[in-house]
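In the numbering used here, the protein residues as written are 1 to 633. Don't be surprised by glycine CBs; every beta carbon is placed ideally from N, CA and C. Structure first, commentary second.
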Amino acid sequence: MTLQIKSLEEYNKEYTKSVENPEAFWAEQAETFTWKKKWDKVVNWDFREPNVNWFVGGKLNITENCLDRHLEERGDQAAIVWEPNDPNAPTKTYTYKELHAEVCKAANGLKSLGVVKGDRICFYMPMVPELAIGVLACARIGAIHSVVFAGFSAQALADRVNDATCKMVICSDYNNRGAKNIPVKKVVDDAMALGCPSIETVLVHKNTGGSVKWSEGLDKWWHDTIDHQSTECEAEEMDSEDMLFILYTSGSTGKPKGVVHTCGGYMVYTTFSFNNVFQYQAGDVYWCTADIGWITGHSYIVYGPLAAGATTVMFEGVPTYPDAGRFWQVCEKLKVNQFYTAPTAIRALMAKGDQFVEGYDLSSLKILGSVGEPINEEAWHWYDKKIGKGNCPIVDTWWQTETGGILITPLPNITDTKPCHASYPMPGVQPVLLDSDGNLVEGNDVEGLLAVKYPWPSMIRTTYGDHERCKNTYFSMFENMYFTGDGARRDKEGRYRIIGRVDDVINVSGHRMGTAEVENAINEHKNVVESAVVGYPHDIKGQGIYAYVIANQEVTDVDAFRKEIVAVVRKEIGPIAKPDMIQVVSGLPKTRSGKIMRRILRKVASSDVSNLGDTSTLLNPEVVQEIIDNALV
Ligand code: PRX
Numbered sequence: 001m002t003l004q005i006k007s008l009e010e011y012n013k014e015y016t017k018s019v020e021n022p023e024a025f026w027a028e029q030a031e032t033f034t035w036k037k038k039w040d041k042v043v044n045w046d047f048r049e050p051n052v053n054w055f056v057g058g059k060l061n062i063t064e065n066c067l068d069r070h071l072e073e074r075g076d077q078a079a080i081v082w083e084p085n086d087p088n089a090p091t092k093t094y095t096y097k098e099l100h101a102e103v104c105k106a107a108n109g110l111k112s113l114g115v116v117k118g119d120r121i122c123f124y125m126p127m128v129p130e131l132a133i134g135v136l137a138c139a140r141i142g143a144i145h146s147v148v149f150a151g152f153s154a155q156a157l158a159d160r161v162n163d164a165t166c167k168m169v170i171c172s173d174y175n176n177r178g179a180k181n182i183p184v185k186k187v188v189d190d191a192m193a194l195g196c197p198s199i200e201t202v203l204v205h206k207n208t209g210g211s212v213k214w215s216e217g218l219d220k221w222w223h224d225t226i227d228h229q230s231t232e233c234e235a236e237e238m239d240s241e242d243m244l245f246i247l248y249t250s251g252s253t254g255k256p257k258g259v260v261h262t263c264g265g266y267m268v269y270t271t272f273s274f275n276n277v278f279q280y281q282a283g284d285v286y287w288c289t290a291d292i293g294w295i296t297g298h299s300y301i302v303y304g305p306l307a308a309g310a311t312t313v314m315f316e317g318v319p320t321y322p323d324a325g326r327f328w329q330v331c332e333k334l335k336v337n338q339f340y341t342a343p344t345a346i347r348a349l350m351a352k353g354d355q356f357v358e359g360y361d362l363s364s365l366k367i368l369g370s371v372g373e374p375i376n377e378e379a380w381h382w383y384d385k386k387i388g389k390g391n392c393p394i395v396d397t398w399w400q401t402e403t404g405g406i407l408i409t410p411l412p413n414i415t416d417t418k419p420c421h422a423s424y425p426m427p428g429v430q431p432v433l434l435d436s437d438g439n440l441v442e443g444n445d446v447e448g449l450l451a452v453k454y455p456w457p458s459m460i461r462t463t464y465g466d467h468e469r470c471k472n473t474y475f476s477m478f479e480n481m482y483f484t485g486d487g488a489r490r491d492k493e494g495r496y497r498i499i500g501r502v503d504d505v506i507n508v509s510g511h512r513m514g515t516a517e518v519e520n521a522i523n524e525h526k527n528v529v530e531s532a533v534v535g536y537p538h539d540i541k542g543q544g545i546y547a548y549v550i551a552n553q554e555v556t557d558v559d560a561f562r563k564e565i566v567a568v569v570r571k572e573i574g575p576i577a578k579p580d581m582i583q584v585v586s587g588l589p590k591t592r593s594g595k596i597m598r599r600i601l602r603k604v605a606s607s608d609v610s611n612l613g614d615t616s617t618l619l620n621p622e623v624v625q626e627i628i629d630n631a632l633v
């Protein structure tokens, strides 16, 4: 197992070593894994290209590390504990032996359908065990998975399938989500109807049962394909830098991009970080409430915990079903030791009242985690007091889809914790603050743009099919730096506090969205001429979506117009992107070069109009007052 830091002294020592001699540090971690062939060189890198290679020449299969290597020592230990949406339905446990067998069967099933190394396989599935099994089955045979969160629309799914020219979509028939039964296969059918020429098979897992439309030749049942397969499947030999998966995420411009992670470095870093951030001990039950549709689920439900030989909980449901006590009921039932969730969930549950927490025995909890967005002070204290009973350190983990793993975080019971502070870099991570000209902002009690000056093993390698985009987005802004898109403060003691995005990306309920993406969706409405979307502070969601819309005719029924716009956004992207506020305006404040002055729109949406700055240089300063007068907040 990788190093597990146990004291502040050790953290300081290892951190220093990881900076002074990164190759030796990471070689030590990597040596704890099963390699088919050892690497020739620990790292080769050049941020200008960017070209980053870890464990160069090494050969491995990540599933041998997540499964096979545990069989002897902990084959009968629970690997995945699956908790269903319905609190009265039985919990399902897969031991490492069982999971190994299921993954091999699924891998053989995929092979029988012609899937080979390098093929892209899209998943559009709820949180059922078959999603984890399927993803691992891909990794077993060297197919590249692209998991699409099952809340995205048919259009969004089709866009992602086509961008990666996927050969197959794996989905469920229906999905249980709270009181709802969601027709998942129907969305896939709609995506196929929009045109996905590369898809040869839609593999359907029968989850809830219920009728589905069937396309002979295209559609195949999971059980028909997989149930009779052998429980042994040799793991494909993968190069350290072969692609493991693609995961789409939003940026400030254009369509979502496919972030590419590769096998060796991702494995080493997710395991190392899991092991240290959650201080996992043998026998612990670890629960991350994320969805596998996001990076948190990839790194800290599936790969990190399994490679570390942990027991990882997978939850099908939602935090408020059947009531706002569900998380705590599950913590009590499964005796969860490490609990990892998002601030938006904490805020939503906090708002429902303490009566939903009281009465549950949460004494098994040792460590609490937070991820995805800044956690505000009030939520932090509630989490600390009501859930952790003041005894569980909170790890406020900062990272991104692109970073693959947690980069800045407290280490529980090792470094201190402070509300709203992600705090300290992980060993091997070298963050810096920069001013807008790219100069280093040194010392403490300072603020700047957050960048990283040295590679870490799980960092983004490219954006699928468009390497230039990767270069322009992350590596062109500042020379020889990975730029995160976030602004941060370093406090007097050197702790990092993430302030939030400095680009046109917003974070709604921990879901990352590009404002341009939402605008493009809104503009699909036939009566919309132009729109501008900004984030605004929202009590539960962290940020809400505020859209300013210009119509091509007088809007007589504003409510109906808003509903139509929301429907268009749901169709183009999915319900997670629907605007909370839609203000119809006669114009948008623009500079003389035609650029929308978002700064003004952000201020109005935040009801902070006392200091709008100089608006006299605008092309149309008169619209500013109109926008303020009709603001919805
Ligand atoms: O703005 C930061 C915010 O989420 C962004 C990354 O989003 P995504 O790629 O979807 O990954 C989320 C899960 C890792 C970051 O650029 N963010 C993430 N974690 C934190 C955070 N902001 C503040 N504090 C955090 N702990």
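Inset, instruction - Could you check if glycine 265 is buried or exposed, using at least 16 other CB atoms within 10 Å of its CB as the buried criterion? - result: Against the sequence shown, residue 265 aligns to sequence position 265. Buried, because 16 or more other Cβ atoms sit within 10 Å of the Cβ of glycine 265.
Inset, instruction - Kindly confirm or deny that the stretch 430-447 and the stretch 463-481 touch, where touching means at least three C-beta pairs closer than 8 Å. - result: yes
Inset, instruction - Starting from the C-beta of proline 410, find all residues in its chain whose C-beta is less than 6 Å away, skip the five residues before and the five after it, and write them out in chain order. - result: Numbered from its first residue, the sequence shown carries residue 410 at position 410. If we look at proline 410 and ignore the five residues flanking it on each side, its Cβ neighbours are Val395, Thr417, Ser423.
Legend entry - Run of the beta strand (DSSP E) containing threonine 249, from where it starts to where it stops: The residue given as residue 249 occupies position 249 in the sequence shown. It spans 243-249 - the beta strand (DSSP E) in which threonine 249 sits, taken as one unbroken run.
Legend entry - Closest residue to glutamate 31 among Lys59, Glu468, Val52, Tyr96 (Cα-Cα distance): Here residue 31 corresponds to residue number 31 of the sequence shown, with the count starting at 1. In terms of CA proximity to glutamate 31, Lys59 leads the group Lys59, Glu468, Val52, Tyr96.
Legend entry - DSSP bridge partner residues for glutamine 329 (one or two, in chain order): Reading the sequence shown from its first residue, position 329 is the one you call residue 329. Per DSSP, none; premise fails for glutamine 329.
Legend entry - 6 Å Cβ shell around glutamate 373 - same chain, five flanking residues per side excluded: By 1-based counting over the sequence shown, the position of residue 373 is 373. Answer for glutamate 373: Pro343, Asn507, Gly510, Gly542, listed in chain order.
Legend entry - Residue environment, alanine 191, which counts as buried when at least 16 other CB atoms sit within 10 Å: For the purposes of this step, residue 191 is identified with residue 191 of the sequence shown, where counting begins at 1. The residue in question, alanine 191, is buried, as its Cβ has 16 or more Cβ neighbours within 10 Å.
Inset, instruction - Taking 8 Å as the threshold, find out whether the stretch 85-98 comes into contact with the stretch 310-326 through three or more Cβ pairs. - result: yes
Inset, instruction - Determine the closest residue to glycine 254 out of Asp159, Thr201, Val115, Pro621, with distance taken between C-alpha atoms. - result: Here residue 254 corresponds to residue number 254 of the sequence shown, with the count starting at 1. Minimum Cα distance to glycine 254 is reached at Asp159.
Legend entry - Of the listed residues Ser252, Glu64, Val128, nearest to cysteine 470 (C-alpha basis): Walking along the sequence shown from the start, residue 470 turns up at place 470. The shortest Cα separation from cysteine 470 among Ser252, Glu64, Val128 belongs to Ser252.
Legend entry - Bounding residues of the alpha helix (DSSP H) (the contiguous stretch that carries glutamate 447): Walking along the sequence shown from the start, residue 447 turns up at place 447. Looking at the DSSP string, glutamate 447 is not in any alpha helix (DSSP H); the run it does join, the beta strand (DSSP E), is 446-452.
Legend entry - With 16 other Cβ atoms within 10 Å as the buried cut-off, status of valine 187: The count along the sequence shown starts at 1 and reaches residue 187 at position 187. With 16 or more Cβ atoms within 10 Å of its Cβ, valine 187 is classed as buried.
Legend entry - Cα-Cα separation, serine 586 to threonine 556: As a working mapping, residue 586 is identified with position 586 in the sequence shown. As a working mapping, residue 556 is identified with position 556 in the sequence shown. C-alpha separation (whole angstroms): 14 Å.
Inset, instruction - Take cysteine 196 and list the residues in its own chain whose beta-carbon comes closer than 8 Å to its own, dropping the five residues that flank it on each side. - result: Within the sequence shown, residue 196 is the residue found at index 196, counting from 1. Once the five neighbours on either side are set aside, the close Cβ partners of cysteine 196 are Ala158, Val161, Asn162, Cys166, Val169.
Inset, instruction - Indicate, with yes or no, if ligand 1 has a heavy atom lying under 6 Å from the CB of alanine 645. - result: The structure shown does not extend to residue 645, since the chain spans only 1 to 633, so no value can be given for it.
Legend entry - Ordered list of beta strand (DSSP E) runs contained in the stretch 17-104, each at least 3 residues: 41-46, 51-56, 78-83, 92-95
Inset, instruction - Label histidine 205 either buried or exposed according to how many other C-beta atoms from any shown protein chain fall within 10 Å of its C-beta, with 16 as the threshold for buried. - result: Counted from its first residue, the sequence shown places residue 205 at position 205. It counts as buried.
Legend entry - With 16 other Cβ atoms within 10 Å as the buried cut-off, status of asparagine 444: Taking the first residue of the sequence shown as position 1, residue 444 is located at position 444. Exposed.
Legend entry - 6 Å Cβ shell around isoleucine 346 - same chain, five flanking residues per side excluded: Translated into positions along the sequence shown, residue 346 becomes position 346. Closer than 6 Å at Cβ, skipping near neighbours: Ala379, Tyr383.
Inset, instruction - Return the first residue and the last residue of the beta strand (DSSP E) that alanine 488 is part of. - result: Stepping through the sequence shown from its first residue, residue 488 is reached at position 488. Unbroken beta strand (DSSP E) run through alanine 488: 482-490.
Legend entry - proline 374: CB within 6 Å of a non-hydrogen atom of ligand 1: Numbered from 1 along the sequence shown, position 374 holds the residue referred to as residue 374. Proline 374: yes, Cβ under 6 Å from ligand 1.
Inset, instruction - Could you give the DSSP three-state label for methionine 597: helix, strand or coil? - result: By 1-based counting over the sequence shown, the position of residue 597 is 597. Three-state result, methionine 597: coil.
Legend entry - Stretch pair the stretch 549-564 + the stretch 623-630: three plus CB contacts closer than 8 Å: no
Legend entry - Nearest neighbour of glycine 487, chosen from Leu618, Asp503, Ser299, Met481 [CA to CA]: For the purposes of this step, residue 487 is identified with residue 487 of the sequence shown, where counting begins at 1. Of the listed residues, the one whose Cα sits closest to glycine 487 is Asp503.
Legend entry - For glycine 210, the nearest candidate out of Glu524, Ser153, Asp173, Ile408 (CA to CA): By 1-based counting over the sequence shown, the position of residue 210 is 210. Here the closest residue by C-alpha is Asp173.
Inset, instruction - Please report the Cβ distance between valine 260 and isoleucine 573, rounded to the nearest whole angstrom; I am assuming they are in contact, meaning their Cβ atoms lie under 8 Å. - result: As a first step, residue 260 is located in the sequence shown; it is residue number 260 there, counting from the start. As a first step, residue 573 is located in the sequence shown; it is residue number 573 there, counting from the start. The pair is not a contact, with the Cβ atoms about 22 Å apart (cut-off 8 Å).
Legend entry - DSSP-derived helix/strand/coil call for glutamine 279: Indexing the sequence shown from 1 puts residue 279 at position 279. In this structure, glutamine 279 counts as coil in the three-state DSSP scheme.
Inset, instruction - Counting only runs of 3+ residues fully inside the stretch 125-156, write out the beta strand (DSSP E) ranges in chain order. - result: 144-147
Legend entry - Beta-carbon proximity list for threonine 201, same chain, < 6 Å, skipping 5 on both sides: For the purposes of this step, residue 201 is identified with residue 201 of the sequence shown, where counting begins at 1. Around threonine 201: Leu113, Met168, Lys220.
Inset, instruction - Classify valine 116 as buried or exposed, calling it buried when 16 or more other Cβ atoms lie within 10 Å of its own Cβ. - result: The residue labelled residue 116 in the question sits at position 116 within the sequence shown. Result: exposed.
Legend entry - Beta-carbon contacts of aspartate 323 that lie in its chain and below 7 Å, excluding the five residues immediately before and after: Mapped onto the sequence shown, residue 323 falls at position 323. Once the five neighbours on either side are set aside, the close Cβ partners of aspartate 323 are Phe356.
Inset, instruction - Would you identify the three-state DSSP class for proline 575, choosing helix, strand or coil? - result: Numbered from 1 along the sequence shown, position 575 holds the residue referred to as residue 575. Proline 575 falls in the helix class under three-state DSSP.
Legend entry - Distance cut-off 6 Å: isoleucine 498 Cβ against heavy atoms of ligand 1: As a first step, residue 498 is located in the sequence shown; it is residue number 498 there, counting from the start. Yes - ligand 1 has a heavy atom lying nearer than 6 Å to the Cβ of isoleucine 498.
Legend entry - Closer than 6 Å: aspartate 396 CB and nearest ligand 1 heavy atom: As a working note, residue 396 is residue 396 in the sequence shown. Yes.
Legend entry - serine 423 - DSSP class collapsed to helix/strand/coil: One-based indexing of the sequence shown puts residue 423 at position 423. Serine 423 falls in the strand class under three-state DSSP.
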